[in-house]
Amino acid sequence: MKYEPVIGLEVHVQLNTASKIFCGCSTRFGDEPNANTCPICVGMPGVLPVLNREVVEKAVRAAVATNCEVAPYSRWARKNYFYPDLPKGYQISMYELPLAVGGRLEVVVDGKPKTLRIHRIHMEEDAGKLVHGENLGDPAHSYVDLNRAGVPLIEIVSEADMRSSAEAKAYMEKLKSILEYLEVSDCNMEEGSMRVDVNISVRPAGQEKFGTRAEVKNMNSFRNMQKAIEYEMARQSELLDEGGRVVQESRLWDANRNVTVSMRSKEEAHDYRYFPEPDLVPLLVGAEWVERAKKSLPELPDAKRQRFVSSYSIPLYDAEVLTADKPVADYFERTVQAGADPKTASNWIMTEILRVLKERGSELGRPPISPEMLAELLKMIRDGVISGKMAKDVFAEMEATGKNPADVVREKGLVQISDESAIEKSIDEILAANPEQVAGYKGGKTKLMGFFVGEVMKATKGKANPAVVNKILSKKLSS
Amino acid sequence: MLTSEEALKVAKLANLRLVGDEVAEMVRKLSGVLDHINQLNKLDTTEVPPTSHVLDMGNVFRPDAVTEHFDHKLSLDNAPARSRGYFSVPRIIE
């Protein structure tokens, strides 16, 4: 039978505040274990959490940027469960009265626009980190680092609107892009500052009622999330085809084996017995606060994309690629401001600059090649100083050394020969040396043009301006 | 009246081990609490706004500033077991 998947995503995002959500400990990543801890975040009896205002500020910005309705009155709750990474035996979260509800993201999948709804956004504290014994000496133990305990999180819960792994990926990309634009989170999936849990069920195509869902955790990249979704779609469809049934459970993605496995240990823990957190007073985010947050929003990806199309006359596809990452979008604008033609700049950024970034894994914050340098390079092509092909070599040298394009061109003696008399002299020599090919060309073998161009390039060590070479050759051969 | 199974389930979720007479005692005490709540449930509260907190206030904040009033090494001092700066616990199997 043919099945359709129904997918919802729960995304946890660490907010990039300096201090934790309920105490003054640093949120810095990578410190000595338990260096950033105090009686509050290790859960000593009798201590009181006090809410970090900046956490609310950033969460509200995320909520309005994703078109959510911010609640005028929200409340903290205790989510009770026992696990060694949770020192208090409960996580301070929000339950019945979350911060915001009812948002949406606009995505484009396979050229078709689609609205994916957000169910709710709430704030909570992160748990600590467990290190398994074999990585630290004693396999009989696990070790607990509470530096992460109390780091602020927002949980963004989608509606079950997605019908393919590609739609899930588009949702994640758009969400990540918006949160990066807002500068409220690093959104680094490998480091865990952005984490996604997938709720997925399948149903026979055409059926209205949802099937039983499984929850999949532990995917540290969009690629793995897509693979996990596709694995679950196949697993659940096969189960149903064989007359079995899907069990509601949590499953773990195993990236080494490309499978999901049941997490039996967590099954019993689902009775969280939420109740209102007595240590924290209610949160009142009034209309004025929401208005202020809306006014403080930067230009978001969708708006920037539209502006790139209308102001720079670049194709929608280019605008989509360039605006996905704010630093890349900024890089493009600075290159154009430095005098580059928008479409040429777009082509180079989408290929060379994005390739360099991918290879180096470096952020554009420390650009290997500044927008001004790229603009200068593109200007040299436009002015005919170097050919497009030479420019690739110059770029490679700039990438390796960080030198200015003009310096690279001078040092390598790459300056293009556009002087017509010099090129004409070279062409005359080549035509004189190859009478057979000249006769052949004149007899109709026009493909020989490539041979002549090649010979001229060889003779000039690739420095001749191809446009000039073509022009003179055509003239000479047709006479 | 709570059943002893229900009392044992709640105890398990709360990480408590009840033995012998403790089960019956917990059934009696928890049932008493529930009876009290049921009594409150009989009141008509349609006109009473829900109470989220006993204090009539909201929006208590601190600024986003890192403070170190506390030697973090003390964090580990009460732990029954520790190693290399970590809290040490029995192995957790996933």
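For the record, the sequence lines run as chains A and B. Following my numbering, the numbering of the first sequence begins with 1 at its first residue and continues without gaps. Following my numbering, the numbering of the second sequence begins with 480 at its first residue and continues without gaps. Quick reminder that beta carbons are idealized off the backbone N, C-alpha and C, glycines included. Source: prediction; values computed, not measured.
Distances from the CA of R410 (chain A) to each of A:A391, A:I118 and A:A422 were compared; the closest alpha carbon is that of A:A391.
The Cβ atoms of P45 (chain A) and D279 (chain A) do not sit closer than 8 Å to each other. Under the DSSP assignment, V216 (chain A) falls in the beta strand (DSSP E) whose first and last residues are A214 to M219. A distance of 8 Å or more separates the beta carbons of V356 (chain A) and I423 (chain A). DSSP lists A:I118 as the bridge partner or partners of G103 (chain A). Scanning A:A170, A:G111, A:K112 and A:K442 for the CA closest to the CA of R223 (chain A) turns up A:A170. Take F275 (chain A), set aside five residues on each side of it, and the residues of its chain with a beta-carbon closer than 7 Å to its own are A77 and R78, in chain order.
For H141 (chain A), the beta-bridge partners assigned by DSSP are B:P569.
Assignment of beta-bridge partners to V356 (chain A) by DSSP yields no partner. Under the 8 Å criterion on CB atoms, I516 (chain B) is classed as non-interfacial with respect to chain A. Buried is the label assigned to P87 (chain A), since at least 16 other Cβ atoms lie within 10 Å of its Cβ. Between P84 (chain A) and L130 (chain A), the C-beta gap is smaller than 8 Å, which places the two residues in contact. The beta-carbon of D145 (chain A) is placed less than 8 Å from the nearest beta-carbon of chain B. By the Cβ-count criterion, N494 (chain B) is exposed, with fewer than 16 other Cβ atoms from all chains shown falling within 10 Å of its own Cβ. Burial is judged here by how many other beta carbons sit within 10 angstroms of a residue's own beta carbon; Y90 (chain A) has at least 16 and is buried. Nearest Cα to E299 (chain A) within the set A:S426, A:L182 and A:E191: A:L182. The Cβ atoms of L297 (chain A) and V64 (chain A) lie closer than 8 Å to each other.
Rounded to the nearest angstrom, the gap between the Cα atoms of S158 (chain A) and F210 (chain A) is 16 Å. Annotation for V6 (chain A): the continuous beta strand (DSSP E) segment containing it runs Y3 to Q14. Listed in chain order, the non-local C-beta contacts of V60 (chain A) below 8 Å within the same chain comprise V70, L99, A100, V285, W289, V290 and A293, local neighbours out to five positions each way being set aside. By the criterion of at least three beta-carbon pairs nearer than 8 Å, the stretch 10 to 28 of chain A is not in contact with the stretch 132 to 142 of chain A.
DSSP places A77 (chain A) within a strand segment (E or B) once states are collapsed to three. K476 (chain A) and V453 (chain A) have their alpha carbons spaced roughly 13 Å apart. Here the alpha carbons of G402 (chain A) and P559 (chain B) stand approximately 55 Å from one another. Taking a Cβ-Cβ threshold of 7 Å, none of the residues of chain A is close to P528 (chain B); the smallest such distance is about 11 Å.
The beta-carbon separation of A324 (chain A) and F332 (chain A), rounded to 11 Å, does not stay under the 8 Å limit for a contact. Positions of the alpha helix (DSSP H) runs, each at least 4 residues long and wholly inside the stretch 385 to 416 of chain A, are given as 388 to 401 and 405 to 412 in order along the chain. Just measuring C-alpha positions, the residue of A:K2, A:V109 and A:S177 sitting nearest V13 (chain A) is A:S177. Counting only runs that start and end inside the stretch 410 to 479 of chain A, the alpha helix (DSSP H) elements of at least 4 residues fall at 420 to 433, 435 to 442, 449 to 459 and 466 to 478.
Using a Cβ distance threshold of 8 Å, S262 (chain A) and R251 (chain A) count as a contacting pair. Annotation: Y272 (chain A) to A127 (chain A) spans about 15 Å, alpha carbon to alpha carbon.
A direct Cα-to-Cα measurement between A168 (chain A) and S311 (chain A) gives close to 31 Å.
Against chain A, a Cβ distance below 8 Å from R570 (chain B) picks out H132, G133, P139, A140, H141 and S142. Residue environment analysis places P528 (chain B) among the exposed positions, since fewer than 16 neighbouring C-beta atoms fall within 10 angstroms of its C-beta. Sorting A:E96, A:D197 and A:T66 by C-alpha distance to the C-alpha of Y73 (chain A) places A:E96 at the top. Unbroken alpha helix (DSSP H) runs of no fewer than 4 residues, entirely contained in the stretch 232 to 309 of chain A, are found at 287 to 296, following chain order.
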